[in-house]
Amino acid sequence: MKEFNMKKMSIKKTMLSLGYALALSVSSLYSETDLSQKANDPTAPLMAVQLIDNYTSDYYNSLEGESGNSVSFRAAYPYKWGEYNHIARITQPYATDSPSGDTGLADMTLFDMTVFPASWGRFGVGVVAGIPIEGGNKQWSLGPAFGFVNNTITKGLNLGLFNQNLFRIAGDDVRPHTKISSFQPIVNYSLGGGWNIGTGDIQYMYDWESTQWVSLPIALQVGKLHRFGKLPVMFSLQYAHNFADKVNIGNGIFAPTPKNSLTFTAKFLFPTF
């Protein structure tokens, strides 16, 4: 009888231990899901540094076999000014290959957005600026930025839109003036265990100067959150196909525009909860 009770207690302890381990596992899963969801939300107060490599395998209106590649550095920093929460972000691309053979730094983009909480998620209003760099379009540009993300429809799902608008305010007056609006759909779902799928960082771009869409992509991105010690890093791979095949640059001449591309991103996260 005593042996039976000891076995019973041993089984009970084992079950409690398994239950405790399962609870920890579920807790960890949800924390990974939450972090994965925030990592794919541009309105989330999350400090991050990204290294982005974009490879374009082929172009419209270009010689067969021509490809291109660019590497970008992007950093986002959340901060508070008075009573308001802000997110500042800088993006600096560098072209390593292109159909024209031109390489080097492209124009830098800066934006600052004031973020407001809502019952359904967050929305933000701010300003975006284009800073001319040698090799870019040599024009200073400025404009409004808007964005919202709904993260309450179901756990792990982000749905929203991010809009940036750049209009020339100074610089080279010979080239066509910068008058660009970009629209980034935010669609991302956290699968659990750090995995997520979505549309990635695609941009639908409209040129008001030439009154035409210059970028109309569809994309699929798969990402995985991995921890190196206490440092979480989001790795993602995105495939995109662009349907804007006839971007007219004047006199019936069509510019080389990306057709198919692959983008690899390593996003280092520094949570600021």
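When we follow the numbering used here, the leftmost residue of the sequence shown carries the number 42, and every step to the right adds one.
Glycine included, every Cβ here is placed at the ideal spot set by N, Cα and C.
Since this is a predicted model, take the numbers as computed values, not measurements.
* Asked: Helix, strand or coil for LEU57 per DSSP?
  -> Note that LEU57 scores 44 on pLDDT, short of 50, meaning its location in the model is unreliable and no value can be drawn from it.
* **Chain-order list of residues whose beta-carbon lies under 6 Å from that of ALA85 (same chain, five-residue window excluded)** => LYS79
* Asked: What residues are listed by DSSP as bridge partners for GLY109?
  -> THR97
* Using only alpha-carbon positions, find the residue among PHE157, VAL263, ASP99, SER231 that is nearest to PRO140. => ASP99
* State yes or no: is the C-beta of ARG268 nearer than 8 Å to some heavy atom of the ligand HEM? => Because no ligand of any kind appears in the structure shown, any question about the ligand HEM cannot be addressed here.
* Length of the line joining the Cα atoms of ASP75 and VAL90 -> 18 Å
* To do: Determine the closest residue to ALA136 out of ALA307, ASN95, PRO273, with distance taken between C-alpha atoms.
  => ASN95
* Asked: For ILE243, which of SER113, GLU107, HIS282, PHE152 has the nearest alpha-carbon?
  -> HIS282
* **Terminal residues of the beta strand (DSSP E) in which ARG216 lies** => Premise fails: ARG216 is in no beta strand (DSSP E) and is neither H nor E.
* For PHE311, collect the residues of the same chain with a Cβ closer than 6 Å to its Cβ; drop the 5 residues on either side in sequence, then sort them by chain order. => MET88
* Asked: Over what stretch of residues does the beta strand (DSSP E) that includes VAL190 continue unbroken?
  -> 180-191
* Straight-line gap, GLN133 to LEU151 (C-alpha atoms, nearest Å) -> 9 Å
* Asked: Using the rule of at least 16 other Cβ atoms within 10 Å of the residue's Cβ for burial, across every protein chain shown, is ASP148 buried or exposed?
  -> buried
* Alpha carbon to alpha carbon, what distance is there between LEU257 and SER103? -> 18 Å
* To do: Rounded to whole angstroms, what's the CA-CA distance from ARG163 to ASN126? Just pull it up for me.
  => 11 Å
* With DSSP as the reference, label ASP153 as helix, strand or coil. => strand
* Work out the CA separation of PHE203 and ALA260 for me, nearest whole Å. => 16 Å
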